[in-house]
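Just so we're aligned: 374 in this note's numbering is position 330 of the sequence shown, and the numbers increase by one with no gaps anywhere.
Please read the structure below before turning to the comments.
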Amino acid sequence: MKTIKNTRQMMKLFVAIIAVFCIFIFTPWLAGYAYLKPLPKSVQEQINDAVNFDLDGVIVYVDKKGKAPALYASGWKNKENKIPADPHSLFKIASLSKLYIAAAAAKLVNQKQLSLDQTLADYLPELIGKIENANQITLRMMLQHRSGIPNFVDDPKFPWTNLPTKPIAILQFALDKPADFKPNEKYAYSNTNYLLIGSILDKRLGYSHHHYIKKEILEPLKLTHTYSLLREVNMDALSSGYYIGYDGDLKTQNYVSPGGSMVATAEDVGIFLRALIDGSLLNADEQAIFSSIYVYEHTGLLGGYSSIARYHKDIDTVVIQFVNTSGGNSWMISEIIYNRIIKILRNI
């Protein structure tokens, strides 16, 4: 029995050595170092350390049930002018915006203004012949990223340095292309899905879905620091954004596509996510619809900005993390920092 026990211990040691070896061989050394460092005792200590790993600024919001929500910040809001990171800064939340659109869609489906089983051709007949399988792709498939519609950002000609100012101009980079796969055959994330859903909502409502989200989601939750478009924002309140390898501030870059255009504080996003989960935003029928079409967490990535919004059921905690850096290995490091924060919260 002693021999078996010793053998098991040797195997565990061998696996640990292999794991460490793989981290250093296959993972960029900076990310590997961030992963292996001893875990600090507090969230603030962790994000203070995070800015040593090529992250310009970090904001974290923690809402742990039974405790007052907490905000943390480290690094720079604007590094050129040496303005420290402000936990109340506005931030481009990128694809976190899709959670708001999915919630709006769930409400409209419950009100019978939309049907999950109607097709893209039913909603936007002008796209027949421009998007393959338009008569087979349902609203449900678009919400769940199971449509097979090409992602417009994958077009090598997509002009990141001179972004289109209207969604219809962005859509052109997904039209007249072969489908990535047959409808509902598999999952593949595509920003085009939510651009189209935004257009469908606009058409059915008879006015902008941004206004609907403000009226039905933001105002009931008193989210006064959440905006649908960059043009609504006081730019002094917006955190700067940096891309590794690019010398400049990307805060004025204006991304208008539905499902990626929103701007908010970490606190506002945290309040929204908690309300989305606990039933204080959606009624029971709306909640059931949302649960059938989308997830209760998201990440976001735009030039100069990366964000994570997740709920951790085992500790009943919502954690939002904003990093005003993208490119290079920043996303990998951001995920490592986020996961370390969760470990710290589990130990508190």
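Ideal Cβ positions, reconstructed from N, Cα and C, are used throughout, including at glycine.
Distance from the CA of A319 to the CA of L325, rounded to the nearest whole angstrom, comes to 5 Å.
Taking all protein chains in view, the Cβ of G101 is crowded by 16 or more other Cβ atoms within 10 Å, so the residue is classified as buried. In this chain, the alpha helix (DSSP H) harbouring L215 covers 211 to 215.
Where A223 is concerned, there is no enclosing beta strand (DSSP E), because DSSP gives it neither an H nor an E. In this structure, I137 and M306 form a Cβ contact; the two beta carbons are roughly 5 Å apart against a cut-off of 8 Å. Collapsing the DSSP output to three states places K259 in a helix. Per DSSP, the unbroken alpha helix (DSSP H) holding K142 starts and ends at 141 to 154.
The DSSP assignment places complete alpha helix (DSSP H) segments of no fewer than 4 residues inside the region 311 to 360 at 328 to 337, in order along the chain. Pairing I288 with F196, the inter-Cα distance amounts to about 23 Å.
Annotated three-state conformation of T163 is strand, per DSSP. Pairing N237 with S191 gives a Cβ-Cβ distance under 8 Å. Taking all protein chains shown into account, Y382 has 16 or more neighbouring C-beta atoms within 10 Å of its C-beta and is therefore buried.
Within the same chain, and ignoring the five residues on either side of G347 in sequence, the residues whose Cβ sits closer than 7 Å to its Cβ are W204, G285, Y287, L294, Q297, S370. Apart from sequence neighbours up to five positions away, the residues of its chain that approach A223 with a beta-carbon distance below 6 Å are E176, N177, G192, ordered along the chain. Non-local beta-carbon contacts of I127 in its own chain, meaning distances under 7 Å to residues more than five positions away in sequence, involve W120, K121 in chain order. Rounded to the nearest angstrom, the gap between the Cα atoms of I257 and K81 is 42 Å. In terms of Cβ geometry, I380 and Q90 do not form a close pair [threshold 8 Å].
Within the same chain, Cβ atoms closer than 6 Å to the Cβ of E311 are found at Y105, the five residues on either side in sequence being excluded. Taking C-beta atoms as the reference points, T268 and K108 fail to come closer than 8 Å. In this model, L215 and P84 are separated by some 46 Å (Cα to Cα). Distance from the CA of L99 to the CA of P200, rounded to the nearest whole angstrom, comes to 27 Å.
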